[in-house]
Structure formats: structure tokens, C-alpha cells
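Have a look at the structure below, then the notes.
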Amino acid sequence: MGKDVIIACDFPSMEKTLSFLDLFREEKPFVKIGMELFYAAGPEILKKIKERGHRIFLDLKLHDIPNTVKSAMKVLSSYDIDMTNVHAGGTVSMMEAALEGLTGPDGKRPLLIAVTQLTSTSQERMEQDLLIRGKMEDVVMHYAMNAKKAGLDGVVCSPLEAAGVKEACGSGFLTVTPGVRFADGDIGDQVRVTTPARAKEIGSDYIVVGRPVTRAEDPVEAYRRCMKDFIG
Ligand code: C5P
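Under the numbering used here, the first residue of the sequence shown carries the number 5, and numbering increases by one thereafter.
Encoded structure:
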């Protein structure tokens, strides 16, 4: 499993996304399509991006009753995507249903990973808003083990938690880590953040980088800097 940098294409339209990707003349970055863009542009955006040779992480974070998630995943399985996800908070049976829905008749499917706790959630907000009393690391590990139990390929977590997840779930269990910032960059609304170089040391498999690349003065240069710091 190759390590990679995934660019979060959090743009409001197909046009804006494609003109952003036009900037990349040499590389074909792995891209993440989230709710905003998918709801605005529809499945057509996936085709367009695939045609250009990019790999796609469709980040829709499904979270509903198992039967609904299974049916939705069945629809997603007809798209040419490389990775998609659910919220681990939907329970083990929801994740099992997701996996079943996503798997094609030939047994093939994109990677399926689970969101543990959003990297924008602090210990305090988790306790007070969600009434989850455990330590953040323990909650994340528990959710990761549930994802593993359900047969998923890995989790989305903070890079700060990636080493613990690997320890608890095995080195082959993928860690996809947003909340990445350059040491000299803006944190924005993220809380549990680290740099690409540190994410590499900790053992993330994929880092997801949005604004530090998409809002950089020179996005290609920022992407290359991420690749260099994370992969070497
Ligand atoms: O711009 P930024 O680098 O903060 O973008 C991070 C991306 O990763 C966003 O698209 C966000 O939705 C996503 N994400 C996250 N934390 C999670 C799961 C996904 O920030 N736990």
C-alpha cells in the first residue's frame, strides 16, 4: 500500500475544481471529493476527474440506519472510485452493512474507511456536546477497533492518533489523516493538527490536505512540499 498525499477538493463547483486540477501539469494527485462538491456537481464530477487520471476518495461520511447505508453504498459501488467512508459512530452493524453494499458481485470494492472523531472536535466538545466521557485517544481507538471488527480497511483519524491505531489494529490497517498543516501555516477550524513530516514519522498512510494546498498562492508548489515532507 503506497503512502500518498490526498488533496481535499473542497470547491463549490465542477468548474472551480477542474480549473484547480488544470494547475497540475506533471502530477496526477489523489483527490478527495467531499459533500459540498458532490452535492453540487453530482456523479458527473467523478467521471470527469477519473478521465483525467486521478484517484478518488469520495468522502461522504455516511451515517444512518444499516439498511439505508447498505443501499446507498450499493449506489456508490457503481461509481469508479478508489476509497469512500462512513462514520464509525453508526455502530459495527452499520459498518458491516456498508461493506456489504459496497462490494460488487465479483467481490471487488473500493477501500472503505471509517471516521473516528472529526479532527475539528476537541476533548471538551466531545464531552460536553456529545456526552462521550472517555479520553479522546481511547474513544478513537475503540472506534478504530470497531471498524476493524466490521471488516473495514482503516480509519480517518488525526495524525496524532495514527500510531496508536496501528498498534491496536495492526500495521496493515490504514490510517488516513486530515488535520495537516505546515509549521508556518494557519490552523483554521482544525484542532488536532500536525505537519506532513511529523505525520510521516507517526506512520500515517495517507494525509488529506485541503486549504494548505487549495488556498496556497502556488498550489502545485504547496502540494510538492507536502509530498516531499511526507514521502521524501
Ligand atoms: O482544509 P483542510 O486541510 O482542513 O481539509 C481537511 C479535509 O478533511 C476537509 O475536507 C474535511 O472535511 C476532512 N476531514 C477532516 N477531519 C476528519 C475527516 C475529514 O478534516 N476527521
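We treat Cβ as the ideally placed atom computed from N, Cα and C, and that holds for glycine.
Exercise for review: Give a yes or no on contact between the region 217 to 231 and the region 163 to 176, applying the rule of three or more CB pairs nearer than 8 angstroms.
Suggested key: no
Exercise for review: Take residue 62 as the anchor and find which of 184, 140 and 53 has the nearest alpha-carbon.
Suggested key: 53
Exercise for review: Could you check the C-alpha separation between residue 38 and residue 21 for me, to the nearest Å?
Suggested key: Near 12 angstroms, if we compare the C-alpha coordinates of residue 21 and residue 38.
**Study point:** Through-space distance from residue 119 to residue 127, alpha-carbon basis
**Key:** 16 angstroms
Practice item. Give a single yes or no on whether residue 159 has its beta carbon closer than 7 angstroms to a heavy atom of the ligand C5P. Key: no
Point to revise | Cβ contact check for the region 9 to 16 and the region 209 to 219: 3 or more pairs under 8 angstroms | key: yes
Practice item. Under 7 angstroms Cβ to Cβ from residue 124, same chain only, skipping five residues before and after it: list those, please. Key: 193, 194 and 195
Practice item. Please name the residue, chosen from 210, 136 and 225, that lies closest to residue 59 on a Cα-to-Cα basis. Key: 210
Check your understanding: Do residue 216 and the ligand C5P come close, with the Cβ less than 7 angstroms from some heavy atom?
Key -> yes
Exercise for review: With a threshold of 7 angstroms, establish whether the CB of residue 195 neighbours any heavy atom of the ligand C5P.
Suggested key: If you check the C-beta of residue 195 against the ligand C5P, you find no heavy atom less than 7 angstroms away.
Point to revise | Inter-stretch contact at 8 angstroms, needing at least 3 Cβ pairs: the region 68 to 87 / the region 135 to 146 | key: no
Check your understanding: Going by the CB atoms, is the gap between residue 227 and residue 47 shorter than 8 angstroms?
Key -> No, they are not a contact pair.
Review point. Below 8 angstroms between beta carbons: does that hold for residue 117 and residue 174?
Key: no
Point to revise | Enclosing beta strand (DSSP E) for residue 178 [first to last residue] | key: In the DSSP annotation of this structure, the continuous segment of the beta strand (DSSP E) that includes residue 178 starts and ends at 178 to 181.
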